[in-house]
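**Student:** Have a look at this one.
2 protein chains.
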Amino acid sequence: MTTNKAHFPLKEQFQLPKDTIYLDGNSLGPLQKLVNKDLSDVINTEWGEHLITAWNIDAWMEQPLRVGNLIGKIIGAPEGSVMMGDTLSIKVYQALSAALQMRPTRKIILSDSGNFPTDLYIAQGLIAHLNNGYELKIVEPEEIESAISKNVAAVMITQVDYRTGRLHDMKSITQKAHEMGSVMIWDLAHSAGAVELDLEAINCEFAVGCTYKFLNGGPGSPAFIYVRPDLTEQIAPALSGWMGHEAPFAFDQSYRPALSIERMRVGTPPVVQLSILESALQIWHNIDMKELRTASIALSELFIEQVEKRCPQLILASPKNPEHRGSQVSFKFKNGYAVVQALIANGLIGDFRAPNIIRFGITPLYISEADIHKAVDIIVNIMENNLWEDPKFNKANRVT
Amino acid sequence: MTTNKAHFPLKEQFQLPKDTIYLDGNSLGPLQKLVNKDLSDVINTEWGEHLITAWNIDAWMEQPLRVGNLIGKIIGAPEGSVMMGDTLSIKVYQALSAALQMRPTRKIILSDSGNFPTDLYIAQGLIAHLNNGYELKIVEPEEIESAISKNVAAVMITQVDYRTGRLHDMKSITQKAHEMGSVMIWDLAHSAGAVELDLEAINCEFAVGCTYKFLNGGPGSPAFIYVRPDLTEQIAPALSGWMGHEAPFAFDQSYRPALSIERMRVGTPPVVQLSILESALQIWHNIDMKELRTASIALSELFIEQVEKRCPQLILASPKNPEHRGSQVSFKFKNGYAVVQALIANGLIGDFRAPNIIRFGITPLYISEADIHKAVDIIVNIMENNLWEDPKFNKANRVT
């Protein structure tokens, strides 16, 4: 990792649309050129020619772990501790159901209002489903550490707030959780590929994350789950599918979980999506996360400084201190939705999160200082001339 | 559907490997030529150019339901009753957890030994997880109907046996389940695209299935779940992810299930896999399932007749009566694994299922009478000359 360090940006490896500045890699990372060639092999040679034999010939069966190991390097997890598959919501369910098993006498799942809603929803569904006195307690992000008590079975929070980019202190919160005997689950959706992570040092029990944001795995790219190696064999998976069986092709009638992270597999893996992700992850072999983070902070600071100076209508919603911020910068503006639509129409893609947050992902892999300056020029033009007031930018809020 | 009927086979629409007869479409269906062009659009235009805006511009958000409606036509389910996503194992979990909610005083899940193991494993994991006195009762396939009693919460079986192709009588079993007040869940993994189905007439509560077999969606293609329309709004989803929320982009802290089949969605959909599947499903617009089934039976009967006549060592493991058989033909042979390896090496792809089953999928979309004759010639050559005894064909059993 240190011999062939990458120098940012690595824009030439990406297939970015012309005349567009893409500050939304925190939502959906862009396409890399490498993907097309590799994908053609997967479709035409592996599926098209090898057909069913590709499970062996092309090692499709090992792919979820192989890709998990690539993710492991990016998040500081040891070999064999990260498994790919399904979606982040499903991975949250796996982690949370396992955590509750580990603390059978405790009834509280603790989270914060900065968590992404699906994590909260999954906890709510799990609780209703178990129907056994569990409670989801949601506190403000700044209260999370003090709210951890000996009644808490699991602390489940997202490190980087999806709206503001506020960054939780993983070390300190995990330490408090462990002092109180709680299981710690980190959601790294906005962290993996964005900030330095060292799960081994943090010592949390579980981590989950998605791969279509800063890891550029493409739309619908599968999620990951990390299980601390000493715990793997203790977990009785709630989602006990055949791919997590110790011997899937023995076709036994009784479930017997694999004696490794393989037990976190559920059904047949999404081979095509995993292949795209595997190609997309190649770029990380030469990336030093510390340098990437330094570059991200430099770009973010420049962006904030320029926007604050030139667009005083936009109020910074992200922490001012870069050490307390992930790799995104958000601003508040009452008509944020219309502003984002106007920006997109003028060549700057960011996104909107209800009720009033304009988000910009800062991704040094393909964003340069020059891009930041251009982005600011576009924002200034929209805001100074009130271009967002055009009725065409005020349609009902939908997806972005 | 009746004006432009397809005439089988439609081989020119498939990109099949040369010099290979593929009788394994019951495991992984082959690639269609259409897929490559459509996939290039999804990757390069939708993801590459439109990036995050593709969720709106290219209607990615509606894709799981749009594709579900295409599946619905093939399985006789009404518009808006089928949802795509995840894997078959996850869909079994959704159906089974909902069924148990619907019959809170009953504790038995009934299945049979012909069910695919992952369905049984998922039931076992769910039972252990709920830890509330549930029991999975597994009987022989021929005993299933008589085993349905007023203690059974849910009957969960696969219509077509993955090893033998034995076909359950959906109508009669569902009727018995309903007489006993049990919820009926059908796994259509080996049925969808293989046999005529009319879920609306059958009136079962749930059905699930996969799309990479007879529906040719490619490796890792997502699964489907059917919920009988009158029940949709009664189900509190155990897997309550944000995509199943009534308003996912309101980012509320409380889960509130969508008032439609959308509540069966969990996380972010696998856009690329769904797009491949959507392309692969286009061929079904002009297919009459009755004619397809007739063609399947004709090919199967020919195949059985020829193999029984020319290879008496192979013992038919499938029902003799075509009305009791799905779209596959299986034979028993002690050294079945080695035989399958020898067949593959000689241009005929079938597959092996432990302990002694050689399976052949009969798929009239791309298999002709001439292919059946060629396939039989290859089998005869392997069996008459004991070519399977070559040590290279006897490696340890793995994936196929």
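Line by line, the protein sequences are chains A and B. For this note's numbering, add 386 to where a residue sits in the first sequence, where the first one is 1. For this note's numbering, add 386 to where a residue sits in the second sequence, where the first one is 1. From the three backbone atoms N, C-alpha and C, an ideal C-beta is built for every residue, glycine too.
#1: In chain A, what lies closer than 8 Å to R739 (chain B) by C-beta?
#2: Within the 8 Å Cβ cut-off, does G733 (chain B) reach chain A?
#3: Can you grab the Cα-Cα spacing for the pair Q659 (chain A) / K536 (chain B), in whole Å?
#4: Go ahead and label G595 (chain B) buried or exposed: buried means 16 or more other beta carbons lie within 10 angstroms of its beta carbon, across all protein chains shown.
#5: I'd like the span of the beta strand (DSSP E) that includes F738 (chain A), first residue to last.
#6: Three Cβ pairs or more, each shorter than 8 Å: is that satisfied between the segment 587–606 of chain A and the segment 468–486 of chain A?
#7: Which of the residues in the segment 496–516 of chain A, read from start to end, lie with their CB under 8 Å from any CB of chain B?
#8: What residue range does the beta strand (DSSP E) around F592 (chain B) cover?
#9: Does the Cβ of K778 (chain B) have 16 or more other Cβ atoms within 10 Å, making it buried, or fewer, making it exposed?
#10: On the DSSP bridge list, what partners appear for S716 (chain A)?
#11: Could you list the residues in the segment 390–415 of chain A with a C-beta less than 7 Å from some C-beta on chain B, going in chain order?
#12: What is the DSSP secondary structure of M556 (chain A), counted as helix, strand or coil?
#13: Rank A:T491, A:G551, A:I588, A:A533 by C-alpha distance to the C-alpha of L702 (chain A) and give the top, closest one.
#14: In angstroms, rounded to a whole number, what distance separates the CA positions of V569 (chain B) and S497 (chain B)?
#15: Could you spell out where the beta strand (DSSP E) holding L496 (chain A) opens and where it closes?
#16: I'd like to know whether the C-beta atoms of M542 (chain B) and I588 (chain B) end up nearer to each other than 8 Å.
#17: From T786 (chain B) to I647 (chain A), what does the alpha carbon distance come to, in whole angstroms?
#18: My guess is that P605 (chain A) and V726 (chain B) are in contact by the Cβ rule of under 8 Å, so how many angstroms apart are they, rounded?
#19: Please list, in chain order, all residues of the same chain as D410 (chain A) whose beta carbon is under 7 Å from its beta carbon, the five residues on each side excluded.
#20: In the DSSP output, what is L734 (chain B) paired with across the bridge?
#21: Could you check the C-alpha separation between A731 (chain B) and W446 (chain A) for me, to the nearest Å?
#22: Please decide whether Y612 (chain B) counts as near chain A, where near means a Cβ-Cβ distance under 8 Å.
#23: Take the Cβ of N518 (chain B) as the centre, count every other Cβ of all protein chains shown within 10 Å, and call the residue buried at 16 or more, exposed below.
#24: Strictly by DSSP, which residues pair up with T544 (chain A)?
#25: Does chain B have any CB closer than 8 Å to the CB of L456 (chain A)?
#26: Hey, does L437 (chain B) have any beta-carbon neighbour from chain A nearer than 8 Å?
#27: Within the continuous beta strand (DSSP E) that includes K523 (chain A), where are the two ends?
#28: Is the number of C-beta pairs between the segment 618–626 of chain A and the segment 666–679 of chain A that are closer than 8 Å three or more?
#29: Any C-beta of chain B within less than 9 Å: which residues of the segment 624–636 of chain A qualify?
#30: Kindly indicate if chain B contains any beta-carbon less than 8 Å away from that of A539 (chain A).
#31: List, in order along the chain, the chain A residues whose C-beta lies closer than 9 Å to that of L474 (chain B)?
#32: Name the chain B residues that come within less than 7 Å of Y641 (chain A), Cβ to Cβ?
#33: Please determine, among A:G434, A:N780, A:M469, A:L456, the residue with the shortest C-alpha to C-alpha distance to P615 (chain A).
#34: Between which two residues does the alpha helix (DSSP H) containing I662 (chain B) stretch?
#35: May I ask you to verify whether the segment 714–729 of chain A touches the segment 554–570 of chain A, counting CB pairs closer than 8 Å and requiring at least 3?
#36: Across the segment 522–539 of chain A and the segment 627–638 of chain B, are there enough close Cβ pairs to call them in contact, namely three or more that are closer than 8 Å?
**Tutor:** This is what the structure gives:
#1: Against the second sequence, residue 739 (chain B) aligns to sequence position 353. Here the neighbours are F637.
#2: Counting from one through the second sequence, the residue named residue 733 (chain B) turns up at place 347. By this cut-off, G733 (chain B) is not an interface position.
#3: Locating residue 659 (chain A) in the first sequence gives position 273, where the first residue counts as 1. Locating residue 536 (chain B) in the second sequence gives position 150, where the first residue counts as 1. When rounded, the distance between both Cα atoms is 44 Å.
#4: Locating residue 595 (chain B) in the second sequence gives position 209, where the first residue counts as 1. It is buried - the Cβ of G595 (chain B) has at least 16 other Cβ atoms within 10 Å.
#5: Here residue 738 (chain A) refers to the residue found at position 352 when the first sequence is read from its first residue. F738 (chain A) -> beta strand (DSSP E) spans 737–739.
#6: yes
#7: S499, F502, P503, T504, L506, Y507, I508, Q510, G511, L512, A514, H515, L516
#8: As a working note, residue 592 (chain B) is residue 206 in the second sequence. Taken as a continuous stretch (DSSP letters only), the beta strand (DSSP E) holding F592 (chain B) covers 592–595.
#9: Here the question's residue 778 (chain B) lines up with position 392 in the second sequence. When all chains shown are included, K778 (chain B) counts as exposed.
#10: Within the first sequence, numbered from 1, the residue matching residue 716 (chain A) stands at position 330. Bridge partners of S716 (chain A): A:R745.
#11: Q401, P403, Y408, D410, S413, L414
#12: For the purposes of this step, residue 556 (chain A) is taken as residue 170 along the first sequence, with counting starting at 1. Helix.
#13: Along the first sequence, one-based indexing puts residue 702 (chain A) at 316. Residue A:G551 is the option with its Cα nearest to L702 (chain A).
#14: Against the second sequence, residue 569 (chain B) aligns to sequence position 183. Against the second sequence, residue 497 (chain B) aligns to sequence position 111. Each residue's Cα considered, the two are about 12 Å apart.
#15: As a first step, residue 496 (chain A) must be located in the first sequence, where it is residue number 110. First-last of the beta strand (DSSP E) with L496 (chain A): 494–498.
#16: Against the second sequence, residue 542 (chain B) aligns to sequence position 156. Against the second sequence, residue 588 (chain B) aligns to sequence position 202. Not in contact: M542 (chain B) and I588 (chain B) (Cβ atoms no closer than 8 Å).
#17: Locating residue 786 (chain B) in the second sequence gives position 400, counting from the first residue. Locating residue 647 (chain A) in the first sequence gives position 261, counting from the first residue. For T786 (chain B), the pLDDT reaches just 41, beneath the cut-off of 50, and the residue's location in the model is therefore unreliable, although a value from the coordinates is still provided. Taking the straight line joining both Cα atoms gives about 23 Å.
#18: Stepping through the first sequence from its first residue, residue 605 (chain A) is reached at position 219. Stepping through the second sequence from its first residue, residue 726 (chain B) is reached at position 340. With a Cβ gap of about 37 Å, P605 (chain A) and V726 (chain B) do not count as contacting.
#19: Position 24 of the first sequence, counted from the start, is the residue given in the question as residue 410 (chain A). Here the set comprises I735, G736, D737, G747.
#20: What you label residue 734 (chain B) is simply residue 348 of the second sequence in a count that begins at 1. L734 (chain B) pairs with B:I407.
#21: Locating residue 731 (chain B) in the second sequence gives position 345, where the first residue counts as 1. Locating residue 446 (chain A) in the first sequence gives position 60, where the first residue counts as 1. Straight-line Cα distance between these residues: approximately 20 Å.
#22: Mapped onto the second sequence, residue 612 (chain B) falls at position 226. Closer than 8 Å: no.
#23: Taking the second sequence and counting its residues from 1, one reaches residue 518 (chain B) at position 132. Exposed, since its Cβ has fewer than 16 Cβ neighbours within 10 Å.
#24: Taking the first sequence and counting its residues from 1, the one referred to as residue 544 (chain A) is at position 158. Answer is A:D573.
#25: Position 70 of the first sequence, counting from 1, holds the residue named residue 456 (chain A). Chain B, which has no Cβ nearer than 8 Å to the Cβ of L456 (chain A), makes this no.
#26: To locate residue 437 (chain B), count along the second sequence from 1; it is residue 51. Judged by the 8 Å Cβ criterion, L437 (chain B) is in contact with chain A.
#27: Stepping through the first sequence from its first residue, residue 523 (chain A) is reached at position 137. Looking at the DSSP string, the run of the beta strand (DSSP E) that includes K523 (chain A) is 521–525.
#28: no
#29: A624, L625, S626, G627, W628, M629, G630, H631, P634, F635, A636
#30: Position 153 of the first sequence, counted from the start, is the residue given in the question as residue 539 (chain A). So, not an interface residue.
#31: One-based indexing of the second sequence puts residue 474 (chain B) at position 88. By Cβ distance, chain A contributes G627, G653, T654.
#32: Looking up residue 641 (chain A) in the first sequence gives position 255. Those are Y507, Q510, G511, listed as they occur along chain B.
#33: As a first step, residue 615 (chain A) must be located in the first sequence, where it is residue number 229. Measuring from the Cα of P615 (chain A), the nearest candidate turns out to be A:M469.
#34: Here residue 662 (chain B) corresponds to residue number 276 of the second sequence, with the count starting at 1. Note, I662 (chain B): alpha helix (DSSP H), 657–666.
#35: no
#36: no
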